[in-house]
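So the sequence shown is numbered by the working numbering: it starts at 14 and just counts up by one. Backbone N, C-alpha and C fix where the C-beta goes; we use that ideal spot for every residue, glycine too. Note that the coordinates shown come from a computational prediction; the quantities given were computed from them, not determined experimentally.
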Amino acid sequence: MLDVSVIEDSAAAAVSLDPIRAGLLAELAAGPASATMLAARVGLPRQKVNYHLRALEKHGLIELSGERRKGNVTERLMRATAASYVISPLALAAVQPDPARFRDQLSARWLLAVAARLVRDVGTLITGADRARQRVATYALDGEVRFGTAAERAAFVEELTRGVGALVAKYHQPEAGSGRSHRIVVALHPTVKPDPPAALRPGPPGGPALTEPAP
14 MLDVSVIEDS AAAAVSLDPI RAGLLAELAA GPASATMLAA RVGLPRQKVN
64 YHLRALEKHG LIELSGERRK GNVTERLMRA TAASYVISPL ALAAVQPDPA
114 RFRDQLSARW LLAVAARLVR DVGTLITGAD RARQRVATYA LDGEVRFGTA
164 AERAAFVEEL TRGVGALVAK YHQPEAGSGR SHRIVVALHP TVKPDPPAAL
214 RPGPPGGPAL TEPAP
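This is the structure:
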């Protein structure tokens, strides 16, 4: 089982986004199971579960893990092909974001377009490397910084731009015919806070706030 699998086909993306099939995928990412086992877990008839499993298998999202005898019946044990999935912008190729359409380093939507291109390109590299049974040479730096003021954030961005720009100028060799180009993406955005539990979310305007029931 892969850690992450990239979905590039639009039909496969549509299959994976179906709520029932997404739930079955989650079950099979946790471990192999048969249609009968899954039917008991998700509360659906076995025939309906089988229907959804065939669709998932057709698009390579699940695979046969083994078989087991149960009475006079041989059950197929299926498993997910990956622990998690990422849908590439290639699944919506005609309307995928294109950072080349505009360039505004202070635009959140441009950052989103750059991130989408990153998912698309790395996904393509992973798919090709898997077929060739090779590894992709990648590197990622992930961190978090808390700024005291907006001015400090602006100063950080300016210093980061100068520092990365100097490194690019130092190592970039456009005349190196035997070399290989690499793309650099450095992003900065506010940290996304996790959603609070439903019981602690504010109620509708004018109504009471949602709180945990009293013991």
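Start and end residues, alpha helix (DSSP H) containing residue 171
Numbered from 1 along the sequence shown, position 158 holds the residue referred to as residue 171. Here the alpha helix (DSSP H) through residue 171 covers 163–184.
Neighbourhood of residue 160 by C-beta distance below 6 Å, restricted to the same chain and skipping five residues each side:
What you label residue 160 is simply residue 147 of the sequence shown in a count that begins at 1. Apart from the 5 residues on each side of it in sequence, residue 160 sits with its Cβ closer than 6 Å to the Cβ of 166 in its chain, given in chain order.
Can you tell me whether residue 180 is buried or exposed, with buried defined as 16 or more other CB within 10 angstroms of its CB?
Along the sequence shown, one-based indexing puts residue 180 at 167. It is exposed - the Cβ of residue 180 has fewer than 16 other Cβ atoms within 10 Å.
Taking 7 Å as the cut-off, decide whether the C-beta atoms of residue 41 and residue 75 are in contact.
Looking up residue 41 in the sequence shown gives position 28. Looking up residue 75 in the sequence shown gives position 62. With respect to the 7 Å criterion, residue 41 and residue 75 are classified as neighbours on the basis of their beta carbons.
Return the residue from the list 84, 77, 157 and 153 that minimises the CA-CA distance to residue 205.
Start at 1 with the first residue of the sequence shown, and residue 205 comes out as number 192. Among 84, 77, 157 and 153, the Cα nearest to that of residue 205 belongs to 157.
Assuming residue 92 is part of the beta strand (DSSP E), what are its boundary residues?
Reading the sequence shown from its first residue, position 79 is the one you call residue 92. Element bounds for residue 92: 86–93.
Name the two residues that bound the continuous alpha helix (DSSP H) containing residue 40.
Numbered from 1 along the sequence shown, position 27 holds the residue referred to as residue 40. Segment 32–43, the alpha helix (DSSP H) holding residue 40.
Among 154, 57, 45 and 150, which residue has its Cα nearest to the Cα of residue 88?
Along the sequence shown, one-based indexing puts residue 88 at 75. That would be 45, whose Cα lies nearest to the Cα of residue 88.
In angstroms, rounded to a whole number, what distance separates the CA positions of residue 73 and residue 57?
Numbered from 1 along the sequence shown, position 60 holds the residue referred to as residue 73. Numbered from 1 along the sequence shown, position 44 holds the residue referred to as residue 57. Looking at the two C-alpha atoms, the distance is approximately 22 Å.
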